[in-house]
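S.K.: For reference, the structure I am asking about is given below.
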Amino acid sequence: MEKPCILQVHNLKKYFIVNTDFFGRPTAYLKAVDDVSFFIRQGETLGLVGESGCGKSTLGRTIIHLYKPTDGEILFNGQKIKTQQQQQLLRSSMQMIFQDPYASLNPRMTAGDIIGEPLAIHNLASGRDRTEKIAQLLHLVGLNHEQANRFPHEFSGGQRQRIGIARALAVNPSFIICDEPISALDVSIQAQIVNLLERLQAELGLTYLFIAHDLAMVKHISDRVAVMYLGKIVEIADSAELYREPQHPYTRALLSAIPIPDPAVEANRKRIFLTGDIQQPLDSLAGCKFRSRCKEAVPLCAEQQPELIDNGAGHMTACHLIGKQ
Numbered sequence: 001m002e003k004p005c006i007l008q009v010h011n012l013k014k015y016f017i018v019n020t021d022f023f024g025r026p027t028a029y030l031k032a033v034d035d036v037s038f039f040i041r042q043g044e045t046l047g048l049v050g051e052s053g054c055g056k057s058t059l060g061r062t063i064i065h066l067y068k069p070t071d072g073e074i075l076f077n078g079q080k081i082k083t084q085q086q087q088q089l090l091r092s093s094m095q096m097i098f099q100d101p102y103a104s105l106n107p108r109m110t111a112g113d114i115i116g117e118p119l120a121i122h123n124l125a126s127g128r129d130r131t132e133k134i135a136q137l138l139h140l141v142g143l144n145h146e147q148a149n150r151f152p153h154e155f156s157g158g159q160r161q162r163i164g165i166a167r168a169l170a171v172n173p174s175f176i177i178c179d180e181p182i183s184a185l186d187v188s189i190q191a192q193i194v195n196l197l198e199r200l201q202a203e204l205g206l207t208y209l210f211i212a213h214d215l216a217m218v219k220h221i222s223d224r225v226a227v228m229y230l231g232k233i234v235e236i237a238d239s240a241e242l243y244r245e246p247q248h249p250y251t252r253a254l255l256s257a258i259p260i261p262d263p264a265v266e267a268n269r270k271r272i273f274l275t276g277d278i279q280q281p282l283d284s285l286a287g288c289k290f291r292s293r294c295k296e297a298v299p300l301c302a303e304q305q306p307e308l309i310d311n312g313a314g315h316m317t318a319c320h321l322i323g324k325q
């Protein structure tokens with residue numbers, strides 16, 4: 001029996017104004033997130049991958065309303081997120097772990113104050129209860145209560161990210177957006193943070209949107225994977241299915257770049273190198289945004305934007321070539 005959806009996103013758009021006319025009216029937009037739809041089931045991890053600048057982080061920040069959506073609909077546990085009051089009520093259920101543990105922590109606040117701030121904002125604990133809760137959260141992420149009085153510069157990168165995770169957990173959320181939480185860390189620390197996230201998910205029943213560049217790590221942690229290209233999702237499938245049978249030409253190119261630890265296999269495998277010009281995010285041309293780099297493009301690709309269609313077993317792809325090969 002499938003679990004219920006905790007998050008549903010319908011036709012979400014986030015456009016940034018980049019130019020205006022003499023009267024201040026917008027004349028050009030950067031379409032960072034352009035008509036994106038997907039869902040996440042309760043207790044699962046949806047991995048979100050794509051090149052830098054494709055809109056992954058903007059999508060995450062728009063879902064949690066750090067950016068105001070330009071258009072579209074976001075439902076959390078079946079409830080639409082529209083008004084400021086709804087955002088405030090749902091903020092305790094929806095939290096975010098940021099990419100850079102050096103920039104996301106206030107250098108003038110101690111670790112205890114950083115973790116305890118959400119407790120104060122949401123009136124969840126005060127006094128001795130707040131101190132005990134902070135100690136519990138530090139222990140939960142692998143730190144000790146004595147470190148609560150230290151400042152961020154006294155911690156390593158991995159420890160700072162653990163503080164960021166503890167801050168996100170302070171309000172007992174059910175859904176967490178992990179915005180490239182390991183990309184700024186040493187390789188030796190990345191596995192520790194991923195293992196911590198997996199343990200917390202199992203213990204607390206959390207649901208993740210895991211945004212990352214590391215395709216091998218995404219395969220390890222994700223139940224399903226969504227591939228994003230220039231503001232649009234081009235493929236979504238179960239993790240094992242996507243890595244075994246990628247359908248979209250862009251997904252196949254991405255997966256071909258994953259290094260294989262076996263030297264013999266690595267030496268003989270075929271890499272897919274993308275050529276051609278990358279369409280600029282400011283362009284509003286018709287058709288598929290990937291067509292300028294796709295060797296398999298047909299005339300229809302320049303005329304019509306492909307829709308994200310289920311090709312069976314929940315494997316969804318936005319490509320005119322699927323079913324015609």
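Residue 289 in the working numbering sits at position 289 of the sequence shown; the count goes up by one each step and never skips. A virtual CB, placed ideally from N, CA and C, is assigned to each residue, including glycine. Quick caveat, the model's predicted, so the values are computed rather than measured.
(1) Who pairs with H139 in a beta bridge, going by DSSP?
(2) Leaving out five residues before and five after R291 in sequence, what residues of the same chain have Cβ atoms less than 7 angstroms from its Cβ?
(3) Return the chain-ordered ranges of every alpha helix (DSSP H) run that is complete within the region 134–178 and spans a minimum of 4 residues.
(4) In whole angstroms, give me the CA-to-CA distance for T45 and G24.
(5) S104: buried (16+ other C-beta within 10 angstroms of its C-beta) or exposed?
(6) Who are the Cβ neighbours of L59 in its own chain at under 6 angstroms, not counting the five residues just before and after it?
(7) Could you pull the DSSP bridge partners for C294 from this structure?
(8) What is the rounded straight-line gap between the Cα of Q304 and the Cα of A264?
(9) Going by DSSP in three states, P322 sits in which element: helix, strand or coil?
(10) DSSP three-state label for Y102, please.
(11) Anyone know if the C-beta pair for R252 and I236 falls short of 8 angstroms?
(12) Excluding the 5 residues flanking L274 on each side, which residues of the same chain have their C-beta closer than 6 angstroms to its C-beta?
(13) Select from R244, I233, Y243 and R167 the residue whose C-alpha is nearest the C-alpha of E51.
M.R.: Inspection of the coordinates gives the following:
(1) Here residue 139 refers to the residue found at position 139 when the sequence shown is read from its first residue. H139 is bridged by DSSP to nothing; it lacks a bridge partner.
(2) Residue 291 sits at position 291 when you count from the first residue of the sequence shown. If we look at R291 and ignore the five residues flanking it on each side, its Cβ neighbours are A297, C301 and A302.
(3) Within the region 134–178, the complete alpha helix (DSSP H) runs of at least 4 residues are 157–169.
(4) Locating residue 45 in the sequence shown gives position 45, where the first residue counts as 1. Locating residue 24 in the sequence shown gives position 24, where the first residue counts as 1. Near 42 angstroms, if we compare the C-alpha coordinates of G24 and T45.
(5) Position 104 of the sequence shown, counted from the start, is the residue given in the question as residue 104. Around the CB of S104, 16 or more other CB atoms lie within 10 Å, so the residue is classed as buried.
(6) In the sequence shown, the residue the question calls residue 59 occupies position 59. Within the same chain, L59 has close Cβ partners V33.
(7) The residue labelled residue 294 in the question sits at position 294 within the sequence shown. In the DSSP output, where bridge partners are listed per residue, C294 has none listed.
(8) Counted from its first residue, the sequence shown places residue 304 at position 304. Counted from its first residue, the sequence shown places residue 264 at position 264. Going by the C-alpha atoms only, they are around 42 angstroms apart.
(9) Within the sequence shown, the letter at position 322 stands for residue 322. Going by the sequence as given, residue 322 is Ile instead of Pro. The answer is coil: DSSP assigns I322 none of H, G, I, E or B.
(10) Taking the first residue of the sequence shown as position 1, residue 102 is located at position 102. Under the three-state reduction of DSSP, Y102 is assigned to coil, being neither helix nor strand.
(11) Along the sequence shown, read from residue 1 onward, the residue named residue 252 stands at position 252. Along the sequence shown, read from residue 1 onward, the residue named residue 236 stands at position 236. No.
(12) Mapped onto the sequence shown, residue 274 falls at position 274. Counting only Cβ-Cβ distances below 6 angstroms, and skipping sequence neighbours, we find A253 and R293.
(13) As a working mapping, residue 51 is identified with position 51 in the sequence shown. Comparing Cα positions, the closest option is I233.
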